[in-house]
Each structure stands twice: as structure tokens, then as C-alpha cells.
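Asks:
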Amino acid sequence: MTGLRVGIIGYGYWGPNLTRNFFEIPSSDLIAIADLNEERLKQALLKYPQIHAKRDYQELFELDLDAVVIATPPATHYSIAKDCLEHNLNVLIEKPLTLKSEHAETLIKLADEKDLTLMVGHTFEYNSAVHALKGYIDSGELGQVYYLDAARLNLGLFQRDSNVLWDLAPHDISILLHLLGKPPISVSAQGSPCVIDGIHDVVYMNLEFPDNISAHIHVSWLDPCKVRRITVVGSKKMAIYNDIENDSKIKIYDKGVDVPAYTNGFGEFQCNYHSGDITIPNIHFTEPLRQECQHFLDSIVNHTEPRSSGRAGLEVVKVLEAAQHSLMNGQTKEIIQW
Ligand SMILES: NC(=O)c1ccc[n+]([C@@H]2O[C@H](COP(=O)([O-])OP(=O)(O)OC[C@H]3O[C@@H](n4cnc5c(N)ncnc54)[C@H](O)[C@@H]3O)[C@@H](O)[C@H]2O)c1
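Residue numbering for the sequence shown follows our numbering, starting at 1 and increasing by one per position.
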């Protein structure tokens with residue numbers, strides 16, 4: 001027992017993945033799991049008989065923990081995280097950080113005041129394919145980025161207390177912010193509540209970034225195919241990140257078009273298309289969630305700001321809030337105040 005003492009709050013669908021990582025990582029000691037549901041606690045005890053299993057997460061405050069990981073439904077994130085920070089615990093919260101930007105700001109302030117680590121589970125920021133894609137953008141290999149297109153589609157999983165925007169788009173927004181290294185200027189969104197009244201299960205977002213870069217995000221719980229794809233179109237090359245693929249998550253297409261100098265005659269107007277090689281880089285892939293969990297522990301020990309810090313979580317919540325406003329108000333264009 002040499003690692004940081006970690007407790008998990010929420011052992012539903014995603015909590016077990018976090019638990020497994022904190023159990024396996026040598027620099028953490030998995031001490032406790034809290035879940036309101038007795039059945040979930042029984043499941044946890046079958047796998048980890050040595051842990052303290054509690055229904056009330058507040059009982060974790062008596063176990064001399066260093067950190068907690070919150071994997072409960074989004075509506076509970078703020079109150080549980082605030083309570084944990086007030087009890088001097090470092091906190092990793094699953095996405096989205098909170099449902100309101102003012103709540104995210106309160107958590108950031110509290111963590112700063114108490115010198116605690118606050119991190120949000122933007123898992124894709126720990127994904128080697130996303131890093132590789134960022135490398136292609138930053139090195140200029142794709143040329144000037146024109147636009148990005150993200151699609152995250154599947155049949156389900158429908159959530160009880162959030163729509164598809166708040167459930168799936170945090171991933172794509174955090175990826176786009178990470179890839180471009182800057183937040184968007186504006187967002188608009190449209191969508192439909194097809195299956196359950198008032199709960200949008202398909203949403204299309206348009207984002208405008210500085211330097212005339214546009215981005216489009218399509219998220220859906222109502223699609224026949226599982227799609228996890230991001231396309232980046234640049235002036236020199238184009239790239240596709242397909243998270244479903246095993247060995248070819250990134251493909252770089254040497255494709256593009258050059259427009260001729262201005263002419264008056266329509267007949268002389270000929271675009272010059274080029275279509276060269278398709279390159280598949282070899283990416284050393286390790287489980288992103290393992291990287292994320294390790295990064296949380298390292299940030300606490302080294303006293304460094306995590307990559308997906310509370311501030312990064314706040315940026316994503318601000319985009320979601322603006323998109324939700326647009327969704328409810330006829331696809332208005334919302335300028336985001338940073
Ligand atoms: N990073 C990812 O890829 C990823 C994937 C899935 C879910 N998530 C996130 O993980 C979080 C949990 O999602 P899920 O799908 O596991 O939800 P879930 O409903 O399956 O599980 C939530 C669990 O929290 C428990 N719970 C609720 N309130 C509690 C409380 N006050 N104290 C203790 N336990 C409580 C519930 O009993 C349940 O077992 C969400 O924020 C979701 O967005 C992230």
C-alpha cells in the first residue's frame with residue numbers, strides 16, 4: 001500500500017472502468033466505492049472484496065482518502081464534487097464537469113483556494129490517435145485547416161436525465177478544443193426529440209472558431225450504425241480519425257483542390273484536383289482511460305494542472321450551455337463570452 005488512497009463514487013455503467021484502472025495502477029490504492037444502489041455495491045464487492053462499500057458517499061470522508069472519482073449522473077456532479085472539495089479531497093469528475101458554467105466556476109475557485117486538483121474525464125484528450133491528429137494539424141502537414149466534421153452516432157444508450165447533446169457532444173467539443181487549441185467564437189444547434197418527449201436524441205451543432213475555421217458535430221442515439229469519426233479538411237491534405245478502427249484509426253489523404261487564377265470566361269474555369277497516397281500512421285495505442293487515471297494521480301503528486309483541468313471542463317460546459325440555448329430557441333447563433 002504505497003499509492004494515493006482513492007474512492008470511487010458511482011459504480012453504474014462507467015464507474016467499473018474507472019475502478020479497474022485505479023485498482024490496477026501501482027500509484028493508487030483503491031480504498032472504497034460508494035453507490036446508492038445496493039445491487040451495484042454487491043457487484044463491486046464480488047470483484048474487489050477488500051474495499052469499503054458504502055451507500056452514502058459522505059461515509060468516504062472518514063476513510064482518510066486523498067482523492068475521489070465521481071462517476072454519477074451529470075445532475076449530481078456539482079453537489080457531490082463541492083462536498084468532496086470542501087472535505088479536502090482531490091477530485092476527478094466524469095464529463096460533463098457540471099450542467100451550469102457558474103457551478104463549474106465555483107468548483108474551480110474552491111479547488112484553487114484549497115490547492116486541490118480538479119480534473120474532468122475528457123477521455124479523448126488522453127487518446128494517442130487524437131494526439132497524432134493534433135500533431136498533423138500543428139505541424140502544418142494538412143495546410144490551413146478549413147473545417148472539421150465530427151460524428152458520434154449509435155442506437156442508444158438513452159439517458160434518463162440528459163439529452164444527446166450533454167451526453168455525447170462533450171467528447172467531440174473537448175476533442176475540437178484540444179485539436180485547435182482555442183475555443184469557438186459561436187455555436188448554433190438544431191435537433192429533434194424523436195423517441196422521448198422533450199429529450200433531444202439527435203443534434204447537429206455548428207461552431208465557428210477563430211481564423212475562419214468552422215466545425216460541425218452530429219451526435220445521435222438514434223442511428224443504425226455506430227460511428228465515431230472526425231474529419232479534418234485542410235488546404236494541403238485531409239485526415240480522418242475513425243475511433244472504431246483497430247489498426248488504422250488515422251488516415252491521411254493527400255487530396256485537395258487548387259482553384260485557378262480568376263478568369264472571365266466560364267469555359268476556362270478548371271479546378272485542379274489532386275489525389276495522392278493515403279497514409280496510415282502506426283500509432284502506439286494504450287488504453288486512454290488508463291492514461292487519464294494515471295495523469296490524475298500524477299497531477300496530484302506533482303502539483304501540476306491536469307490537461308483536462310476544471311478550466312478545460314468549464315470551456316466545454318460553456319459551449320454546451322450555448323448550444324442548448326440555441327437548440328431551444330430555433331437554432332439561434334450564440335456568441336460565447338470567454
Ligand atoms: N468518459 C466516457 O467515455 C464516459 C462513458 C460513459 C459515461 N460517462 C460519464 O460517467 C458518468 C456516469 O455515467 P453512467 O453511464 O455510468 O451512469 P449510470 O446511471 O450507469 O451510473 C451512475 C451510478 O451512480 C450511482 N449514483 C447516483 N447518485 C449517486 C449518489 N448521490 N451517490 C452515490 N452513487 C450515486 C447510481 O446508483 C449508478 O449506479 C456520467 O457523467 C457520464 O457522462 C463517461
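Glycine included, C-beta positions come from ideal geometry on N, C-alpha and C.
Since we're looking at a predicted model, the values are computed, not measured.
Compare the Cα-Cα distances from Pro224 to each of Asn154, His178 and Ile230 and report the closest residue.
Replies: Here residue 224 refers to the residue found at position 224 of the sequence shown. Cα-wise, what sits closest to Pro224 is Asn154.
Asks: Please say whether Ala34 and Gly12 have beta carbons closer to each other than 8 Å?
Replies: Along the sequence shown, read from residue 1 onward, the residue named residue 12 stands at position 12. Along the sequence shown, read from residue 1 onward, the residue named residue 34 stands at position 34. Contact: no.
Asks: Just confirm the distance between the C-beta atoms of Gly143 and Lys251, as a whole number of angstroms; I'd bet it's less than 8 Å.
Replies: Here residue 143 is taken as the residue at index 143 of the sequence shown, counted from 1. Here residue 251 is taken as the residue at index 251 of the sequence shown, counted from 1. At roughly 16 Å, the Cβ-Cβ gap does not stay under 8 Å, so Gly143 and Lys251 are not in contact.
Asks: What does a CB cutoff of less than 6 Å around Ser192 pick up in its chain, not counting 5 residues either side in sequence?
Replies: Here residue 192 refers to the residue found at position 192 of the sequence shown. Excluding residues within five positions, the ones whose Cβ falls inside 6 Å are Val202.
Asks: Based on DSSP bridge pairs, tell me the residues matched to Ile364.
Replies: A query on residue 364 cannot be resolved here, the shown segment of the chain reaching from 1 to 338 and no further.
Asks: Return helix, strand or coil for Glu86, following the three-state DSSP convention.
Replies: Residue mapping note: residue 86 aligns to position 86 of the sequence shown, counting from 1. Of the three classes helix, strand and coil, the one that applies to Glu86 here is helix, per DSSP.
Asks: Cα separation between Glu113 and Glu305?
Replies: Here residue 113 is taken as the residue at index 113 of the sequence shown, counted from 1. Here residue 305 is taken as the residue at index 305 of the sequence shown, counted from 1. About 14 Å.
Asks: With 16 as the cutoff for other CB atoms within 10 Å, does Trp221 come out buried or exposed?
Replies: The sequence position of residue 221 within the sequence shown is 221, counting from 1. Looking at its Cβ environment, which holds 16 or more other Cβ atoms inside 10 Å, Trp221 is buried.
Asks: Roughly how many angstroms lie between the CA atoms of Cys293 and Phe22, to the nearest whole one?
Replies: Numbered from 1 along the sequence shown, position 293 holds the residue referred to as residue 293. Numbered from 1 along the sequence shown, position 22 holds the residue referred to as residue 22. So the two alpha carbons sit approximately 7 Å from each other.
Asks: State the beta-bridge partners of Thr231 as determined by DSSP.
Replies: Mapped onto the sequence shown, residue 231 falls at position 231. Per DSSP, Asp149 and Ile240.
Asks: Assuming Ser128 is part of the alpha helix (DSSP H), what are its boundary residues?
Replies: Here the question's residue 128 lines up with position 128 in the sequence shown. It spans Ser128 to Asp138 - the alpha helix (DSSP H) in which Ser128 sits, taken as one unbroken run.
Asks: For Ser139 and chain C, any beta-carbon pair shorter than 8 Å?
Replies: The structure shown contains no chain C, having only a single protein chain.
Asks: Assign Leu46 to one of two classes, buried (16 or more other C-beta atoms within 10 Å of its C-beta) or exposed (fewer than that).
Replies: Residue 46 sits at position 46 when you count from the first residue of the sequence shown. Classification of Leu46: exposed, given that the 10 Å Cβ count is below 16.
Asks: Could you check whether the segment 101-118 touches the segment 200-219, counting it as contact only if at least three pairs of C-beta atoms, one from each stretch, sit closer than 8 Å?
Replies: The segment 101-118, when compared against the segment 200-219, does not touch it at the 8 Å Cβ threshold.
Asks: Which residue wins for smallest C-alpha separation from Lys339, given the options Tyr273, Lys54 and Asn88?
Replies: Because residue 339 is not part of the residues shown, which for the chain are 1 to 338, the question remains open.
Asks: Thinking Ile9 and Ile31 are a contact (beta carbons under 8 Å), I'd like their distance in whole angstroms, please.
Replies: Here residue 9 refers to the residue found at position 9 of the sequence shown. Here residue 31 refers to the residue found at position 31 of the sequence shown. No, Ile9 and Ile31 are not in contact; Cβ-Cβ is about 12 Å, not under 8 Å.
Asks: Using a Cβ-based criterion (distance less than 7 Å to any ligand heavy atom), does Gly10 qualify as near ligand 1?
Replies: In the sequence shown, the residue the question calls residue 10 occupies position 10. Yes, since a heavy atom of ligand 1 falls inside the 7 Å radius drawn around the Cβ of Gly10.
Asks: By DSSP, does His325 sit in helix, in strand, or in coil?
Replies: Taking the sequence shown and counting its residues from 1, one reaches residue 325 at position 325. Three-state result, His325: helix.
Asks: My assumption, with CB atoms under 8 Å, is that Val145 sits in contact with Ile244. Please give the rounded CB distance.
Replies: The residue you call residue 145 lines up with position 145 of the sequence shown. The residue you call residue 244 lines up with position 244 of the sequence shown. Not really, about 23 Å apart at Cβ, beyond 8 Å.
Asks: How far does the beta strand (DSSP E) with Arg206 in it reach, from first residue to last?
Replies: Position 206 of the sequence shown, counted from the start, is the residue given in the question as residue 206. Rather than Arg, the amino acid found at residue 206 in this sequence is Asn. Taken as a continuous stretch (DSSP letters only), the beta strand (DSSP E) holding Asn206 covers Val202 to Phe209.
Asks: How about Ile80: is its Cβ closer than 7 Å to a heavy atom in ligand 1?
Replies: Sequence index remark: in the sequence shown, residue 80 carries index 80 (1-based). Yes, ligand 1 has a heavy atom inside 7 Å of this Cβ.
Asks: Apart from the five residues on each side of it in sequence, which residues of its chain come closer than 7 Å, Cβ to Cβ, to Glu334?
Replies: Start at 1 with the first residue of the sequence shown, and residue 334 comes out as number 334. Taken in chain order, the residues that qualify are Ser186, Val187, Ser188, Ala322, His325 and Ser326.
Asks: Using DSSP with H/G/I as helix, E/B as strand and the rest coil, what is Asp172?
Replies: For the purposes of this step, residue 172 is taken as residue 172 along the sequence shown, with counting starting at 1. If DSSP states are grouped into helix, strand and coil, Asp172 belongs with the helices.
Asks: Out of Ile199, Ala75, Asp64 and Pro73, which one is the CA nearest neighbour of Asn88?
Replies: Counted from its first residue, the sequence shown places residue 88 at position 88. Looking at the Cα atoms, Asp64 is the closest of the given residues.
Asks: So, Ala239 versus Leu133, is the Cβ gap smaller than 8 Å?
Replies: On the sequence shown, residue 239 is found 239 positions in, with the first residue counted as 1. On the sequence shown, residue 133 is found 133 positions in, with the first residue counted as 1. Yes, these two residues count as a Cβ contact at 8 Å.
Asks: Could you tell me the boundaries of the alpha helix (DSSP H) in which Leu110 lies?
Replies: In the sequence shown, residue 110 corresponds to position 110, counting from 1. Looking at the DSSP string, the run of the alpha helix (DSSP H) that includes Leu110 is Ser101 to Lys114.
Asks: Given 8 Å as the limit, is there contact between the segment 172-181 and the segment 269-283, that is, 3 or more CB pairs closer than that?
Replies: No, because fewer than three Cβ pairs between the segment 172-181 and the segment 269-283 fall closer than 8 Å, the two stretches do not touch.
Asks: Under three-state DSSP, which class holds Glu334?
Replies: Here residue 334 refers to the residue found at position 334 when the sequence shown is read from its first residue. In this structure, Glu334 counts as strand in the three-state DSSP scheme.
Asks: Using a Cβ-based criterion (distance less than 7 Å to any ligand heavy atom), does Leu155 qualify as near ligand 1?
Replies: The count along the sequence shown starts at 1 and reaches residue 155 at position 155. No.
Asks: Leaving out five residues before and five after Glu102 in sequence, what residues of the same chain have Cβ atoms less than 6 Å from its Cβ?
Replies: As a position in the sequence shown, residue 102 is number 102, starting the count at 1. Here the set comprises nothing.
Asks: Which whole-angstrom value is the C-beta distance of Thr231 and Asp172, which I expect to be below 8 Å?
Replies: Position 231 of the sequence shown, counted from the start, is the residue given in the question as residue 231. Position 172 of the sequence shown, counted from the start, is the residue given in the question as residue 172. No, Thr231 and Asp172 are not in contact; Cβ-Cβ is about 12 Å, not under 8 Å.
Asks: Under 8 Å between the Cβ atoms of Trp166 and Leu320?
Replies: By one-based count along the sequence shown, residue 166 stands at place 166. By one-based count along the sequence shown, residue 320 stands at place 320. Yes, the pair counts as a contact, with Cβ atoms nearer than the cut-off.
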